[in-house]
Amino acid sequence: MNRPAQPDFAVLGGGLCGRLVAWRLAGQGHRVALYERGDAAGSQAAAWVAAAMLAPLAEAASAELLITRLGASSLDAWPQVLAELPEPVFFQRNGTLVVWHHADRTEAPLFERRVRSNAPAELLDGGFVTLAGAQVGAAEPALAGRFNQGWLLPREGQLDNRQVLAALAAGLAQRGVETHWNTPVDEQSLPPACVTIDCRGLGAKPVLPTLRGIRGEVARVHAPGINLTRPVRLLHPRYPLYIAPKQNDLYVIGATEVEGEDMSPVSVRSALELLSAAFSVHPGFGEARILELNSQCRPTLPDHRPALLWDGAQTLRVNGLYRHGYMIAPEVADEAVRFAAALLDGRIGDADAFADWRRAARWSELFQQDCAREPA
Ligand SMILES: Cc1cc2nc3c(=O)[nH]c(=O)nc-3n(C[C@H](O)[C@H](O)[C@H](O)COP(=O)(O)OP(=O)(O)OC[C@H]3O[C@@H](n4cnc5c(N)ncnc54)[C@H](O)[C@@H]3O)c2cc1C
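Numbering that gives the first Met the number 0 puts the first residue of the sequence shown at 0, with every later residue one more than the last.
What follows is the structure, given as structure tokens:
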């Protein structure tokens, strides 16, 4: 039998969302083509630099309820996603430890108040444990005697971002997705497809003019012998600092938050702040070896929420995942896949059908009709 000339779906952008969406659609038997301006490793994506912490409660200090709920559901969904991928991915659900230095102690009640007012009761119940004195050391022996107080958020998780990207690339190949690495796509060179799913992150700015980048800088260090067992957050007056331990004594230390689409290398000031913070949590970081200093920009919409934007025709845009991409990707991608499949088989063709779909959707707040049309 002859296959149709064009694929069912063209996915633009093969960072985190693009890979996940393409892989899911291919798993449903659809014919999918994916176009990524960078390499198969994902080195041009924000997802390449991210710490990949899955911390809906800790993030509730600055994120609204929608994000917290998406994060909590996605945290439950990740193990199933990873189980279906053809390569192993480091995933841990061993909690987050939150600590602070005496000089920054005024940050603690602010953090607690924000988390308690933003997060749903069921997440807080048993999910936000106050630790005093020796309990910090009992929870995280590497930090014994170093902090007088802390909080353990025992249900939070993390994964290895680069292993996810690699495993998804392998999953795309396994499911027969037509991958076009090192292939930038713009509005003048859109590939043929019945439905287009734009997951270009900041690369979608020409069609989403209100999208902006928020720069983040991280350090990757090798620090044998410290043995942190879970991500540690250090309350800090300027931005939330964290040390996320991955496999083989690798630590991701991040992250700054600076307005602007500045992709230049990490500044001296940021490097000093990040590395000093790690050193102040554990002096063993003084002997760590710096493997990488990276900067990238988080794709962010004006309300700091993720969005599924329908153009009124055959294009869906998935964007605005800001600092929560890994934390919320399974739920956002699933919602995008359901909608895209409905576009393909003609169940959504006008504003009324869209409104009905939106009303019935699990995450209805994600949906928007994007009135910005592509240039003629
Ligand atoms: C420093 C930092 C730390 C972070 N830490 C965390 C964390 O701990 N937890 C968490 O949940 N999230 C974290 N994030 C956020 C997370 O990385 C993002 O939310 C996520 O990567 C967004 O996914 P995306 O697929 O929309 O965009 P991206 O991952 O950026 O992918 C977009 C892709 O589109 C491609 N592209 C762009 N333009 C074009 C074009 N014209 N043609 C073809 N391809 C194109 C890009 O090359 C890229 O691969 C962090 C981000 C940063 C920067």
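Note that the Cβ used here is the ideal one computed from N, Cα and C, for glycine as well.
A Cβ-Cβ distance of about 5 Å is found for the pair residue 269 and residue 255, placing them in contact under the 8 Å criterion. DSSP, reduced to helix, strand and coil, places residue 256 outside both helices and strands of the structure shown, so it counts as coil. Secondary structure at residue 250: strand, using DSSP grouped into helix, strand and coil. At a threshold of 8 Å, residue 170 does not count as near ligand 1, since its beta carbon sits no closer than that to any of the ligand's heavy atoms. For residue 194, the secondary structure class from DSSP, reduced to helix, strand or coil, is strand. Taking 8 Å as the upper bound for CB-CB distance, residue 138 and residue 222 are not in contact here, some 19 Å apart. DSSP places residue 222 outside both helix and strand once states are collapsed to three, so it counts as coil. Excluding five sequence positions before and after residue 227, the CB atoms of its chain that fall closer than 6 Å to its own CB belong to 141 and 244, given in chain order. Here residue 52 carries a strand assignment [DSSP, helix/strand/coil].
Counting the other CB atoms within 10 Å of its CB gives residue 160 a total of 16 or more, which places it among the buried residues.
Restricting attention to 67, 343 and 368, the CA atom closest to the CA of residue 119 is found in 67. Relative to residue 250, the option among 257, 264, 60 and 283 whose CA is nearest is 283. Your pair residue 122 and residue 115 does not check out as a contact, with CB atoms roughly 10 Å apart and the cut at 8 Å. Within the DSSP secondary-structure output, residue 16 pairs in no beta bridge.
In this structure residue 247 is exposed. Its beta-carbon is surrounded by fewer than 16 other beta-carbon atoms within 10 angstroms. Residue 299 is a Cβ neighbour of residue 211, given a cutoff of 9 Å. At a cut-off of 8 Å, the beta-carbon of residue 297 counts as near ligand 1: some heavy atom of the ligand is closer than that. Shown here for residue 197: same chain residues with a beta carbon closer than 6 Å to its own, the five before and five after excluded, namely 11, 203 and 316 in chain order. Residue 77 has its Cβ no nearer than 8 Å to any heavy atom of ligand 1. Taking C-beta atoms as the reference points, residue 44 and residue 33 fail to come closer than 9 Å. In the pairwise beta carbon analysis, the stretch 146–166 is classified as touching the stretch 74–87: at least three pairs are separated by under 8 Å.
A distance below 8 Å between beta-carbons, with the five flanking residues on each side excluded, links residue 158 to the following residues of its chain, in chain order: 51, 53, 77, 81, 88, 89, 90, 91 and 325.
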